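Trainee:
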Amino acid sequence: MDKKLKVLIADANQTESEKLAETLADELEIASVVNDGVRAVEDIMKYHPDVVVIDTMLPMIDGLGVIEKCREKLSDKDMPSFIVTTFIGTQKLIECINHMEVDYCIMKPFQPDILLHRIEQITRMKYMSQQIQYQQEKDSDGPKNFDTAKYDIRQDVTKIIRDLGIPAHIKGYQYIREGIIMAIEDVNMMNYITKLLYPTIAKKYKTTSSSVERAIRHAIEVAWNRGKVELLEEMFGYTISAGKGKPTNSEFIALIADKMRLDYRMNAS
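Quick look at the structure:
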């Protein structure tokens, strides 16, 4: 994760795409800038970027068509992450994008630093997931869910969130701790954060799901404003600055849970 991420930009607007590439070049390796779908497919195969930033409205083959072509030609392991950009926010298009299971969709116009933040966030989460999958395959002769009983998970989670700068007196402290523990014990929990994780925490603490969500968001804001920059950078994988924004509730919980699951697996190996 130390080397620069390799990114391909595909946008019909040549001026804007080159300007974006120039802005991102200090932080990322720009593999290619293309202005049509055919070139996009060709250069994805040629350069094997980590991330493709692609507009929906490309000539010759549209953005979603490019993604379909790549899925036909590449294995899951070799597929880049896709961030779709669009001026059009219709429900039908959003449903289509969701169906394609792209990694992120961002509406135009957008700030380059927000895009950079998303690129780094997505790739870090993908990296962590790959590491966990690798450990699961390595331990395939045993149960996939490692035995958490021999670890003091609550104590370990408590230490991490305190180190991140979340004070114990705010409600979000307890809620985040419960959420991380639940995500460690059940890797599928983050797929149901609003339908299961928030309601489960709310029931335990006799409050509402919306209150849990707000309290967790507030706790993350506190960590971002008062926490240790070095630890935040290490944990979340990108430079901490006011312009880059905070992770979402689910990203915050998932990244910490993934890191701890990976640490436990490696210690057990």
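With the working numbering as the guide, the letters of the sequence shown map in order to residues 8 to 276.
Each residue gets a CB set at the ideal place from its N, CA and C atoms; glycine is no exception.
These figures come from a predicted structure and were not determined experimentally.
#1: Hey, out of Ile160, Val60, Val73, whose CA is closest to Lys115's CA?
#2: Between which two residues does the beta strand (DSSP E) holding Met197 run?
#3: Taking all protein chains shown into account, decide if Thr215 is buried (16 or more other Cβ within 10 angstroms of its Cβ) or exposed.
#4: Quick check: what's the CA-CA separation for Ala32 versus Val58?
#5: Look at the alpha carbon of Thr22 and the alpha carbon of Met52, and state the distance between them as a whole number of angstroms.
#6: Across which residues does DSSP place Cys112 in a beta bridge pair?
#7: Asp43 to Thr201, Cα distance in whole Å?
#8: Between Ala264 and Ile187, which are expected to be in contact by the criterion C-beta below 8 Å, what is the C-beta distance as a whole number of angstroms?
#9: Could you check what DSSP says for Ile37 in three-state terms: helix, strand or coil?
#10: Return helix, strand or coil for Leu15, following the three-state DSSP convention.
#11: Counting only the same chain and skipping the five closest in sequence on each side, list residues whose C-beta sits under 7 Å from that of Glu25.
#12: With a threshold of 16 other CB atoms inside 10 Å of the CB of Ile227, please say whether the residue is buried or exposed.
#13: Could you check which residue in Glu79, Arg131, Tyr182 has the C-alpha nearest to that of Ile208?
#14: Determine the burial state of Glu237: buried for a count of at least 16 other Cβ atoms within 10 Å of its Cβ, exposed for fewer.
#15: Can you tell me whether DSSP reads Ile68 as helix, strand or coil?
#16: Tell me, to the nearest whole angstrom, how far the beta carbon of Ile95 is from that of Asp110; I am working on the premise that it is less than 8 Å.
#17: Inspect the beta-carbon positions of Leu27 and Leu12 and report whether they are closer than 8 Å.
#18: Figure out for me which residue from Lys235, Leu71, Thr93 has the closest Cα to the Cα of Met106.
#19: Using C-beta distances below 8 Å, list every residue in its chain close to Leu203, excluding the 5 sequence neighbours before and after it, in chain order.
#20: Pick helix, strand or coil for Ile167, following the three-state DSSP scheme.
#21: From Thr30, Arg224, Ile177, Asp69, pick the residue whose C-alpha is nearest to that of Asp120; which is it?
#22: Given Asp85, which residues of its chain have a CB within under 8 Å of its CB, disregarding the five upstream and five downstream residues?
#23: For a test of the three-state rule: what should DSSP assign to Ile177, helix, strand or coil?
Mentor: If we stick to the structure as given:
#1: Checking every option, the nearest Cα to that of Lys115 belongs to Val60.
#2: In this chain, Met197 is not harboured by any beta strand (DSSP E), its DSSP state being neither H nor E.
#3: Exposed is the call here.
#4: About 14 Å.
#5: Whole-angstrom Cα-Cα distance: 24 Å.
#6: Partner(s): Val91.
#7: Roughly 38 Å between the two C-alpha positions.
#8: Indeed, because the Cβ distance is near 5 Å, the residues count as touching under 8 Å.
#9: Here Ile37 sits in strand by DSSP.
#10: Strand at Leu15.
#11: Excluding positions up to five away in sequence, the list reads Val40.
#12: Buried, by the Cβ-count rule.
#13: Checked all of Glu79, Arg131, Tyr182; the closest Cα to Ile208 is Tyr182.
#14: Glu237 comes out exposed.
#15: In the structure shown, Ile68 adopts coil according to DSSP, grouped into three states.
#16: Taking a contact as a CB-CB distance under 8 Å, the pair Ile95 and Asp110 does not count as one, their CB atoms being some 19 Å apart.
#17: For Leu27 and Leu12, no; Cβs fall outside 8 Å.
#18: In the sequence as displayed, the identity of residue 106 is His instead of Met. When only C-alpha atoms are compared, the closest one is Leu71.
#19: Non-local C-beta neighbours of Leu203 in its own chain, meaning closer than 8 Å and more than five positions away in sequence, comprise Met196, ordered along the chain.
#20: Here Ile167 sits in helix by DSSP.
#21: Nearest option by C-alpha distance: Thr30.
#22: Contacts found: His55.
#23: Collapsing the DSSP output to three states places Ile177 in coil.
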